[in-house]
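Asker: Numbering (my numbering), first residue to last: 632 to 975. Below is a structure I'd like to ask you about.
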Amino acid sequence: MKAVQYQTIGELPVVADIDIPEPGPGQVRLKITAAGLCHSDWFLMGLPAEMYSYGLPLTLGHEGAGIVDKVGEGVVAVKPGDDVAVYGPWGCGRCSECAQGRENYCPFAGELGITPPGLGSPGCMAEYMIVDDVRHLVPLNGLDPVQTVSLTDAGLTPYHAIKHSLDKLPAGSTAVVIGTGGLGHVGIQILRAISGAVVIALDVNDEKLAHAREVGAHHTIISDSDAPAKIRDLTGGIGADVVFDFVGATPTLEIARQSVRIDGSIESVGIGGGVLATGFGSTPFGVSVRAPYWGSRSELMEVLELARTGQVHVTVEQYSIDEAPDAYHRLHEGKVTGRAVVVP
Ligand SMILES: [Zn+2]
Ligand SMILES: [Zn+2]
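Spelled out as structure tokens, the structure:
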């Protein structure tokens, strides 16, 4: 089968021909119907050899959807033909966090060597993949996999961040979204669907801001050092109740710091490598800063329900598996609108 693999440190991924994997006891094989590309794939492919810990060759892809193709011994909860999405942040399944579906915060996954697909385990950017346990499959029940697949990360991650801050986002509040790409453009829609907040979106050019308005932003501002003053103007001088930074670079975190209101929150979601100093004299009084990671299993089910009711829609650019290396290049250049999805 074809699989998009990262094989050599510092080089682009390649389309490799590898054996179709067999599901072991308790495992499920999916015939992949869609696989999303993510900036975090670029993050790991940008790591120098001494910091790279994901194994080589690595089949990429942590946003996956497919049709159950073959089940391993003892699997009864799914059957061949079921259409499913893959829950990516795999945990141990036994600890209290995992019991609550919060496998993204499993404290034991690391020491047990449990890694997400495409981020250590063979990923979904291939014709087939193995899912280690049925609890990591969520039924699609007829949702279009190409339109839906990115919600497993680009939807789930902002949903988890927004839900955590929801008590600070009643009607009349203000949410700032920095970065309106893959995660941000879904985040705007989630804010509109589940909160009462006025949404101010920031990005680096007018084209991206036009897209942000299309998906529901009330106000858009170019993301630069003048942005905090404009956000203060739009909020009567008070600042934003919650700032969601989907970039996470030092300049965007600085915008967040200067834009958040007293007793507000900053959710630093992006993996841009920035660091925000907090404490007296840096962030305003009472501000909490959090760096969330991915989301829970039940939250993925909730995000898919938002898609089912049409409240969340992913803007998708579709590619074949052979085009995946080029698609990664486009993503890296910032040329992808919304999310790039490979359809094997
Ligand atoms: Zn991702
Ligand atoms: Zn666990």
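From the three backbone atoms N, C-alpha and C, an ideal C-beta is built for every residue, glycine too. Please read all numbers here as calculations on a predicted model, not as lab measurements.
Could you tell me which of E936, K966, Y685 and V934 sits nearest to V947, measuring between CA atoms?
Answerer: Selected option, being the one with the closest Cα: K966.
Asker: Have a look at D976 and L814 and give me their C-alpha separation to the nearest angstrom.
Answerer: Within the shown structure, residues of the chain are numbered from 632 to 975, placing residue 976 beyond reach of any answer.
Asker: Scan the segment 672–722 and note each continuous alpha helix (DSSP H) run of 4 residues or more that stays entirely inside, going in chain order.
Answerer: If we require 4 residues or more, the segment 672–722 turns out to have no alpha helix (DSSP H) run fully inside it.
Asker: Going by beta carbon distance, what residues of the same chain come within less than 7 Å of D953, once the five residues before and after it are set aside?
Answerer: The answer, listed in chain order, is V646.
Asker: Nearest by alpha-carbon distance to R823: which of P679, V835, V873 and V846 is it?
Answerer: That would be V846, whose Cα lies nearest to the Cα of R823.
Asker: Give every residue of the same chain whose Cβ lies closer than 7 Å to the Cβ of E930, excluding the five residues on either side of it in the sequence, and list them in chain order.
Answerer: So the list reads L787, Y790, H791 and K794, once near-sequence residues are dropped.
Asker: Check the Cβ-Cβ distances between V699 and every residue of chain D, and say whether any is below 7 Å.
Answerer: The structure shown contains no chain D; it holds only a single protein chain.
Asker: Taking all protein chains shown into account, do 16 or more other C-beta atoms lie within 10 angstroms of the C-beta of N772, making it buried, or fewer, making it exposed?
Answerer: Counting Cβ neighbours within 10 Å, N772 comes out exposed, since fewer than 16 surround it.
Asker: Verify whether the separation of the beta carbon atoms of C723 and A740 is less than 7 Å.
Answerer: Result yes, Cβ atoms of C723 and A740 sit closer than 7 Å.
Asker: Shortest alpha-carbon distance to V934 belongs to which of A843, T779, L884 and L833?
Answerer: That would be T779, whose Cα lies nearest to the Cα of V934.
Asker: What do you get for I761, buried or exposed, if any count of 16 or more other CB atoms within 10 angstroms of its CB means buried?
Answerer: When all chains shown are included, I761 counts as buried.
Asker: Which stretch, first to last residue, makes up the alpha helix (DSSP H) that contains I663?
Answerer: Note, I663: premise wrong, no alpha helix (DSSP H); beta strand (DSSP E) at V659 to G667.
Asker: One question on the structure: do H816 and G969 come within less than 7 Å of each other, judged by their Cβ atoms?
Answerer: In contact: H816 and G969 (Cβ atoms closer than 7 Å).
Asker: Whether or not the segment 905–913 and the segment 867–885 are in contact is what I'm after, with contact meaning three or more pairs of Cβ atoms, one per stretch, closer than 8 Å; do they touch?
Answerer: Touching, yes.
Asker: For a test of the three-state rule: what should DSSP assign to L935, helix, strand or coil?
Answerer: Of the three classes helix, strand and coil, the one that applies to L935 here is helix, per DSSP.
Asker: Would the C-beta of C669 count as close to ligand 1, meaning under 6 Å from any of its heavy atoms?
Answerer: Checking the Cβ of C669 against ligand 1 gives yes.
Asker: If you run the structure through DSSP and keep just helix, strand and coil, what is H767?
Answerer: Of the three classes helix, strand and coil, the one that applies to H767 here is helix, per DSSP.
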